[in-house]
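Take the first sequence: its position 54, counted from the start at 1, is 54 in full-length UniProt numbering, and no numbers get skipped.
Each residue gets a CB set at the ideal place from its N, CA and C atoms; glycine is no exception.
Here is the structure we will look at, set down as structure tokens.
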Amino acid sequence: MPDMPTPCLTAFEFQRRLLDWFDQYGRHDLPWQSPRSAYRVWVSEIMLQQTQVATVIPYFERFMARFPTLEALAHADQDEVLHLWTGLGYYARARNLHKAAQTALDEHGGELPTQSVEALTALPGIGRSTAGAIIAQSTGARAAILDGNVKRSMTRLHAISGWPGKPVIENKLWALAEYFTPDERLADYTQAIMDFGATLCTRARPDCVICPFNDVCAAYEEGAPQRYPESKPKKALPTRETLMLVLRDGAGRVWLEQRPPSGLWGGLWSLPQFDDRAALGDWLQDGVDSAVIEPALPGFTHTFSHFRLAITPQPVRCEGLSGVREKGIWFDPADPPTLGLAAPVKSLLAQLAPFSLDPTPGP
DNA sequence: AACACGTGGGT
DNA sequence: TACCCAAGTGT
Numbered sequence: 001m002p003d004m005p006t007p008c009l010t011a012f013e014f015q016r017r018l019l020d021w022f023d024q025y026g027r028h029d030l031p032w033q034s035p036r037s038a039y040r041v042w043v044s045e046i047m048l049q050q051t052q053v054a055t056v057i058p059y060f061e062r063f064m065a066r067f068p069t070l071e072a073l074a075h076a077d078q079d080e081v082l083h084l085w086t087g088l089g090y091y092a093r094a095r096n097l098h099k100a101a102q103t104a105l106d107e108h109g110g111e112l113p114t115q116s117v118e119a120l121t122a123l124p125g126i127g128r129s130t131a132g133a134i135i136a137q138s139t140g141a142r143a144a145i146l147d148g149n150v151k152r153s154m155t156r157l158h159a160i161s162g163w164p165g166k167p168v169i170e171n172k173l174w175a176l177a178e179y180f181t182p183d184e185r186l187a188d189y190t191q192a193i194m195d196f197g198a199t200l201c202t203r204a205r206p207d208c209v210i211c212p213f214n215d216v217c218a219a220y221e222e223g224a225p226q227r228y229p230e231s232k233p234k235k236a237l238p239t240r241e242t243l244m245l246v247l248r249d250g251a252g253r254v255w256l257e258q259r260p261p262s263g264l265w266g267g268l269w270s271l272p273q274f275d276d277r278a279a280l281g282d283w284l285q286d287g288v289d290s291a292v293i294e295p296a297l298p299g300f301t302h303t304f305s306h307f308r309l310a311i312t313p314q315p316v317r318c319e320g321l322s323g324v325r326e327k328g329i330w331f332d333p334a335d336p337p338t339l340g341l342a343a344p345v346k347s348l349l350a351q352l353a354p355f356s357l358d359p360t361p362g363p
């Protein structure tokens, strides 16, 4: 292990203190802990990527009720998988999960290949850390994880400067994570190190007074544990402007189209989108004779991590639209289909429900 | 290496 | 309020 900082404790002593703390204060009743299976742990770990436990729990319960086994998931339509992911975000996780289930069914006898980190990371959506978490929790074999909790804990215990996302820093953190990983009680240790970061060594207000490592923590010694980990370098937030139309037929149904299989909201169903008004003009001339564009809904913007999306919804009254575009559906807002919808689109449609084509003079 | 990828919670 | 960021991975 080149480049490993001097550990704050021997691996054995670190494990003893952490597991003692976990036995008393750790979380022992998370939904994926009982019953514990490779499939359930896998699904939970995918959902938990960049997503907090409290957010995941209801999604996990619904997902397991509908897809109790890897085989059930593999046989499902992607539309239904994305439907259960609606609102959770990072939809590539759902597409990759679905694809990986099919691969496991076809090439691994219907089981997750938990024999090695390499076998697991060959599946889409499973990286080094997620592979370690699955192996440790479902088989008990020795495997390390390096999630945000471990990164925060390790940078503090060893006063490691620099943004942990930087490869040189990340390598040091992986070396420490591997070093501290025990040979026994792997499931407990893995849960313990995450619980420690999530509930004690928290980002804004770590509870150092009751921390089992406060006598060896370099950041605590410096008097400012919250200084670690250092922040990601910030960049300007671009705004993407786009035009999304709300098209309604005589029955008040809304026209939805499936987005491309990758990229933003990949595979989800959404309103027809146009880069600019010129593209819209072409499209309307293409098949709609009597379209009337009238502003009715307020401008809509949604802020993402890396950009702002400005949507300009405008209802279009038209006749005989079906056939204009090949792949789309007329969607009744009062009768939700089992299709994936992005959260802002779902919200927008919900606001649309009482809307009708009755002549409603604007203000 | 740097960026894309969602959403909701915390301060 | 306006950031920051959470059980990361893929390109």
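Element boundaries [alpha helix (DSSP H), containing residue i]
| i | result |
| --- | --- |
| F22 | 11–25 |
| residue 364 | Outside the displayed span of the chain (1 to 363) sits residue 364, for which this structure offers no information. |
| I46 | 38–47 |
| G132 | 128–138 |
| I169 | 167–180 |
| A104 | 92–107 |
| T199 | Careful: T199 lies outside any alpha helix (DSSP H) and carries neither H nor E. |
| N149 | 148–157 |
| Y220 | 218–222 |
| A119 | 117–121 |
Strand pairing of residue i, partner residues [DSSP]
| i | result |
| --- | --- |
| F274 | L243 |
| L82 | For L82, which the question treats as bridged, DSSP gives no partner whatsoever. |
| F67 | None; F67 has no bridge partner. |
| W330 | W255 |
| L341 | W269 |
Counted within 10 angstroms of its Cβ, other Cβ atoms place residue i as buried (16 or more) or exposed
| i | result |
| --- | --- |
| A144 | buried |
| D188 | buried |
| G109 | exposed |
| I210 | exposed |
| A342 | buried |
| L237 | exposed |
| S138 | buried |
| T155 | buried |
| F22 | buried |
Sequence-distant residues of the same chain with beta carbon closer than 8 Å to residue i, five excluded per side
| i | result |
| --- | --- |
| K232 | W163, G165 |
| A350 | P333 |
| F60 | P31, W32, V43, S44, M47 |
| K346 | T86, G87 |
| V117 | R128, A131, G132, I135, A143 |
Beta-carbon proximity check, residue i vs residue j, cutoff 8 Å
| i | j | result |
| --- | --- | --- |
| L256 | G328 | yes |
| L48 | V41 | no |
| Y39 | L112 | yes |
| F196 | N149 | yes |
| T51 | L88 | yes |
| C217 | L157 | yes |
| V246 | L271 | yes |
| G140 | L82 | no |
| R27 | Q258 | no |
| P225 | P206 | yes |
| R253 | F180 | no |
| R62 | Q78 | no |
| L105 | L70 | yes |
| R248 | C201 | no |
| I134 | T114 | yes |
| Y25 | G267 | no |
| A72 | A159 | no |
| W269 | L352 | no |
Cut-off 7 Å between Cβ atoms - residues of its own chain near residue i, not counting five sequence neighbours on either side
| i | result |
| --- | --- |
| K99 | P124 |
| E170 | P164 |
| D147 | S129, M194 |
| D3 | N171, K172, A175 |
| L19 | R185, D188, Y189, A192 |
| P337 | F331 |
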